[in-house]
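What follows is a single structure, written as structure tokens, with notes after it.
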């Protein structure tokens with residue numbers, strides 16, 4: 001019962017209710033008797049490994065992005081799940097995290113307590129600074145994984161949990177949440193018929209981020225002995241070499257040579273394919289951190305990857321000379337915009353989508369426009 005009380009205390013108010021029409025405010029006002037009854041329901045779900053059908057039913061709300069409103073690809077779906085099921089998932093997630101947290105690779109920073117985007121960017125900056133000091137180069141690829149959460153076969157998830165020696169009872173409980181998952185689309189007070197979802201992670205599910213981390217961690221470890229590394233320093237006299245940095249599905253692959261980057265990407269592509277994940281070659285970009293302007297030819301699945309002069313990684317613009325001067329401004333800007341929307345990184349909504357919904361351009365772009373206006377004003381004064 002104490003686990004339940006703590007979880008309910010920290011769930012956010014104002015979130016939409018799921019199919020069962022129970023919202024966070026209702027749970028926060030259950031009282032002693034209501035909490036006792038909900039504890040019995042949770043205990044039964046834990047004991048049997050079965051959960052109520054409402055917990056497995058999602059409501060998909062299509063949000064228009066831009067372009068032709070008649071084109072389905074111009075919509076982004078948000079799945080609303082039962083708040084009660086999310087409370088149950090919170091408890092399961094906490095139990096799972098205690099069993100697997102220490103097994104995760106240091107190069108994976110996403111959705112982990114005590115780690116942040118800033119820490120991740122700092123690691124990349126350290127790598128860049130080291131290369132500058134040594135007058136060496138870093139070849140980087142920023143991967144875009146196509147609908148990564150939707151593509152992972154559930155059999156791969158169960159295998160990963162078993163190999164990590166997660167308790168059989170906990171695995172059974174997680175499987176119960178994924179059994180006979182269904183959703184329906186709701187728009188303009190109309191809804192579709194329900195349809196089954198048998199692949200991928202639960203959209204909007206509390207367990208989904210940590211389960212995805214396990215799959216990405218499996219890939220990191222499967223590639224560890226095969227990829228070429230970049231030396232970034234020492235820790236307690238032990239050399240620190242890396243070939244990737246990952247924040248959930250935002251992955252940066254690196255190498256000290258062009259050929260090594262090509263080989264590293266081939267190895268990663270092989271491991272991703274084993275898990276039904278695909279690299280989006282149109283959105284994946286490569287960049288060379290160098291004093292010279294070097295052109296490289298990197299190919300994935302017979303598609304040449306576009307080389308860029310700068311890339312926005314986790315909201316921070318990194319250019320080919322390794323400059324990230326605008327990072328703090330951009331990070332602070334997004335921090336407050338996400339707070340306005342009540343969105344965290346756990347919601348897996350990209351910065352661009354947040355800006356589109358709020359119809360607010362970045363503070364950097366706004367500043368540049370104001371600078372141009374001021375420049376024009378000065379010119380007119382002359």
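In the UniProt record's numbering, the protein residues as written are 1 to 382.
Quick reminder that beta carbons are idealized off the backbone N, C-alpha and C, glycines included.
Check: For residue 90, the three-state DSSP class (helix, strand or coil); Outcome: helix
Check: Residue range of the alpha helix (DSSP H) that includes residue 269; Outcome: 258–274
Check: Sequence ranges, alpha helix (DSSP H) only - wholly within the segment 152–224, length at least 4; Outcome: 154–163, 168–178, 208–224
Check: Residue from 342, 153, 23, 78 with nearest C-alpha to residue 184; Outcome: 78
Check: Beta-carbon spacing of residue 96, residue 277 below 8 Å; Outcome: no
Check: Opposing strand residues paired with residue 244 [DSSP bridges]; Outcome: 253
Check: Residue 404 - DSSP class collapsed to helix/strand/coil; Outcome: Examination of residue 404 is not possible in this model, given that the chain is present from 1 through 382 alone.
Check: Spatially closest choice to residue 32 from 15, 2, 16, by CA coordinates; Outcome: 2
Check: Cβ-Cβ distance between residue 19 and residue 82 below 8 Å; Outcome: yes
Check: For residue 249 and residue 148, believed in contact at Cβ under 8 Å, the rounded distance; Outcome: 5 Å
Check: Endpoints, the alpha helix (DSSP H) within which residue 76 is located; Outcome: First-last for residue 76: 75–80, but that is the beta strand (DSSP E), not the alpha helix (DSSP H).
Check: Whole-Å CB distance - residue 41 paired with residue 27, under 8 Å assumed; Outcome: About 12 Å separates the two Cβ atoms, so there is no contact after all.
Check: Span separating the alpha-carbon of residue 152 from that of residue 370; Outcome: 45 Å
Check: Cα-Cα separation between residue 268 and residue 314, rounded to whole angstroms; Outcome: 20 Å
Check: Among 105, 219, 156, 84, the one whose alpha carbon lies nearest that of residue 270; Outcome: 219
Check: Same chain, Cβ closer than 7 Å to residue 226, five either side skipped, listed in chain order; Outcome: 267
Check: The segment 287–305 in contact with the segment 150–165 per 3-pair CB rule at 8 Å; Outcome: no
Check: Contact check, residue 316 vs residue 143, beta carbons under 8 Å; Outcome: no
Check: Nearest-angstrom beta carbon gap, residue 279 and residue 320 [assumed within contact, 8 Å]; Outcome: In fact, because the Cβ distance is near 22 Å, the residues do not count as touching under 8 Å.
Check: Contained beta strand (DSSP E) runs [length at least 3] in the segment 31–71, N- to C-terminal order; Outcome: 57–64
Check: Assigned exposure category for residue 10 - 16 Cβ within 10 Å defines buried; Outcome: exposed
Check: Nearest-angstrom beta carbon gap, residue 253 and residue 141 [assumed within contact, 8 Å]; Outcome: 5 Å
Check: Contact set for residue 255: own chain, Cβ-Cβ below 6 Å, skip 5 residues either direction; Outcome: 139, 228, 261, 264
Check: Residues near residue 356 in its chain [Cβ-Cβ closer than 8 Å; skip 5 each side]; Outcome: 65, 66
Check: Contact belief for residue 202 with residue 180 at Cβ below 8 Å, rounded distance in angstroms; Outcome: About 12 Å separates the two Cβ atoms, so there is no contact after all.
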